[in-house]
Amino acid sequence: CIVGDRRLLGMSYFLGLLLAAMAAKAGLTQIALLASCMLVMAVATVRQASADRERAIALHRQDLRAQRSDRLLQEHERSGRGWFWETDRQGCLTYISDALCETLGVPCGSLIGRAFTDILRQGDRQAGDGERTLGFHLSARTSFAEIPVCAALSKEERWWSISGQPVFNEYGQFHGFRGSGTDLTEMRRSQAEVTRLAQYDSLTGLANRIQMLRSLEQAVAVRHGRPGECTLMMLDLDRFKSVNDSLGHPAGDALLRQVSQRLQRVVGDKGLVGRQGGDEFKVLLPRNHDKASLELLARTIIATISEPYMVEGTAVVIGVSIGMSVCPRDGVTADALIRNADLALYAAKGDGRGVHRFYAPEMHADAEDRRQLEEDLRRALAGDRLHLVYQPVVSSGKEQVTGYEALLRWDHPTRGAISPTMFIPIAEDTGLIAPLGEWVLRTACLDAAQWPEGIRVAVNVSPTQFANPGFPSTVMNALATAQLAPERLELEITESVFLNDDADTDAMFARLKALGVRLALDDFGTGYSSLGYLKKAPFDKIKIDQSFVRGAAMKGSRNSAIIKAIVSLAEALGMDTTAEGAETQDELALIRQLGCSHIQGYVYGRPMPNEDVLVAHRGGATAAAPKGFLSSRPERRTMLRTVAVHHDGHVYTGRVRNISETGALIEGLWNVPPGTSFSIELAERLVVQATARWSKDDRMGVAFDRPVDQAALRPPARSLAS
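Residue numbers for the sequence shown follow this note's numbering, so the first one is 91 and each next one is one higher.
Here's what the structure looks like:
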């Protein structure tokens, strides 16, 4: 080390010469002293050299660290994770990272010399207080950290987190700011997405249950001492489950998305649409709305949702029921409005679905009554308390009974006869329709096996039964148990089975037809898809709905033209026809004239128990004779008009059969107790108060509280789908 140090080498050379000169002239004492001095100087020189070397090494290491820091900072800038900036004392940029300039899409040279705040959006509402806080620190010349700001020069919204500190020289004079920034854009987008998912349904994009509840609570909040005003609609899709089960969950999800789009289109900016979950939706309408506008919106929603859908290449038709509660009339809290709207929805589904209902206090009792009726129906099915009656079907040419339609009846031990329109929907909602339908099929086959050989039995098949892959096996077992020939069983299938026009529907028709049973299209003209499906569905018969038959003989009625068209269509396709609901002999004559092959209705007899059927065919007799009125126009004016019957907050649909100035015959409401009072909407702006005087099955005679001007009653136009 000494040899390698130039200072030590020079000193050693000098001392060596001095020592040699002194040694030649001095004694030993002087030489020893001189050697000691030289040793001290050598040690000092070595120590100084060592210190210098360590200082040089430290400086070199510091240099390396500085270079490494520079590289890391450059890599940090290039990575886009962060950037650096510097300003002078006037706040103008003297340095800005290239990476930031590239992000903004501007050359760095154009930013140098501009105010630092020029690249930030000032006063943006979305930015909150970030910019104002930054401006405060820049003016006060104080340090700041991680202040969120929004970029001003970017075409798309970008957010940064800015940090910086003031720079002062050795005299304490302010020279500007230096700092860094990071991009918050993706983080804020992620946060926004998390917030959105917390408030909106991921499948449909509608407000979710939490957001709807929050919005409802805000709508009912007390302001100035008074609760808010709003309307809550609860919606439940009809027949959605069958679509989901038959086409699969992906198809069900696609259908829900289409439903949500239609709902948003109808409601628009009038309110907030949300998804409750499953196939349930909500609509929140802020502010006060009159009943007429709410009813109009509800009817529009029902009509729009009921239009056909195309899901994965399959035509699908569903419906919707709506229950409504109004604040503050029906409750002043969110929980009360939800509960009462749900009760109204429950009532709407009980009224046959596809309708809307407003909440009424008695619905609590109605819901309990329906629950009790459900329990009673379960016990009736288990205890064999149900029974069948049979209505004759007669050939129009020979007036011979060719078959009977099996109709389900329930005589409740305390309530008496309960209308099928009341307990069948309960069976469908609770899943009882499958065992109930199987019982009807099995019992009808056993009864028919006792009839003469040429007489068939017709059994109604629900859409739920038809969608069950095991239904053909159920039919085969019923035939085998009763030892009934397959051609003597006729399955009546409504147009609602075509709502899911898919391969499973075609396969079910093929399997049933392979058993040898007959297939009839029931209630033709009242639903969807029948005309198109008749081309390939293997039906043996078309049943013309009674709404076209009743009143067909009246002067000016267009029903006869509709019946004639249906008969011509059936003949072209090689199918029989049955006209349902014939009651008078002039209707009977018209139906024969129009070419219907079979007739069913009160004109040939009311439904009867199996014992009476056996008596009627004792000895093999099959002849049938018409009964009842000769004319469909007795003393009262005969008309067919659908009317709304209001009673205790409920709205029922009835049909006016005969009417005079003082009363009317109304069909469609079963077993109405005499003395019941209600109001009837006979026509637009014509509402009368009435009282039931008598009732039998689905008919009742009513007396008006005041005379009605019949000139104000004009028969409404009809259509094939009505």
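In this text, a Cβ means the ideal position worked out from N, Cα and C, and glycines have one as well. Quick caveat: nothing in here was measured; it's all calculated off a predicted structure.
- Between Ala539 and Ala572, the C-beta spacing is below 9 Å.
- Between Leu306 and Ile186, the C-beta gap is not smaller than 9 Å, which leaves the two residues out of contact.
- In the structure shown, the three-state DSSP call for Cys191 is helix.
- Residue pairing by DSSP places Ala669 opposite Ile634, Ile689 in a beta bridge.
- Inter-segment contact for the stretch 625-634 and the stretch 604-613 is present: three or more beta-carbon pairs are separated by less than 8 Å.
- Listed as beta-bridge partners of Thr584 by DSSP are Asp612.
- Three or more beta-carbon pairs drawn from the stretch 638-654 and the stretch 671-680 are found closer than 8 Å, and the two stretches are therefore classed as touching.
- When C-alpha distances from Met698 are compared across Thr511, Leu478, Ile545, Tyr623, the shortest belongs to Leu478.
- Rounded to whole angstroms, the separation of the alpha carbons of Arg365 and Leu296 is 6 Å.
- Using a Cβ distance threshold of 9 Å, Glu458 and Thr520 do not count as a contacting pair.
- Using a Cβ distance threshold of 9 Å, Cys535 and Val551 do not count as a contacting pair.
- In the DSSP assignment, the residues bridged to Val373 are Met323, Val363.
- Our two residues, Ala754 and Tyr742, have alpha carbons roughly 16 Å apart in a direct line.
- In the three-state scheme derived from DSSP, where H, G and I count as helix and E and B as strand, Glu661 is classed as helix.
- Contact between the stretch 479-497 and the stretch 685-694 is established, with three or more Cβ pairs separated by less than 8 Å.
- If the five residues before and after Val693 are omitted, its C-beta is found closer than 8 Å to the C-beta atoms of Ala672, Glu673, Thr674, Gln675, Glu677, Leu678, Pro716, Lys717, Gly718, all from its own chain and listed in chain order.
- Just so you know, the alpha carbons of Val762 and Arg419 end up roughly 30 Å apart.
- Distance from the CA atom of Ala148 to the CA atom of Gln255, rounded to whole angstroms, is 29 Å.
- Rounded to whole angstroms, the separation of the alpha carbons of Glu661 and Val333 is 33 Å.
- Non-local C-beta neighbours of Glu670 in its own chain, meaning closer than 7 Å and more than five positions away in sequence, comprise Lys633, Ile634, Asp635, Gln636, Val639, Gln690, Gly691, ordered along the chain.
- Here the alpha carbons of Leu772 and Ala782 stand approximately 16 Å from one another.
- Assignment of beta-bridge partners to Arg268 by DSSP yields Glu176, Gln255.
- Looking from the CA of Ala311, the closest CA among Val657, Val401, Ala393, Cys417 belongs to Cys417.
- Just so you know, the alpha carbons of Arg469 and Pro503 end up roughly 11 Å apart.
- Every unbroken stretch of the beta strand (DSSP E) spanning 3 or more residues and falling wholly within the stretch 496-557 is given here in chain order: 506-508, 546-551.
- Of the candidates Leu201, Arg475, Tyr399, Arg389, Arg389 places its Cα closest to the Cα of Ser411.
- If you draw a straight line from the Cα of Arg137 to the Cα of Ser126, it comes to about 17 Å.
- Ile770 sits in a strand when the DSSP states are folded into three classes.
- Residues of the same chain with a CB within less than 8 Å of the CB of His454, apart from the 5 flanking positions on each side, are Leu433 in chain order.
- Its Cα nearest to that of Gln481, the residue Gly695 stands out among Val549, Gly695, Leu194.
- Secondary structure note for Tyr185: its beta strand (DSSP E) is the uninterrupted segment 183-186.
- One thing to note: Asp328 has its Cβ within 9 Å of the Cβ of Arg443.
- Met277 is classed as exposed because its beta carbon has fewer than 16 other beta carbons within 10 Å across all chains shown.
- Under the three-state reduction of DSSP, Val762 is assigned to coil, being neither helix nor strand.
- Leu353 is the residue among Leu353, Asp425, Lys381, Val373 whose C-alpha sits nearest the C-alpha of Ile395.
- In the same chain as Gly527, and ignoring 5 residues on each side of it, the C-beta atoms closer than 6 Å to its own belong to Ser552, Gln555, in chain order.
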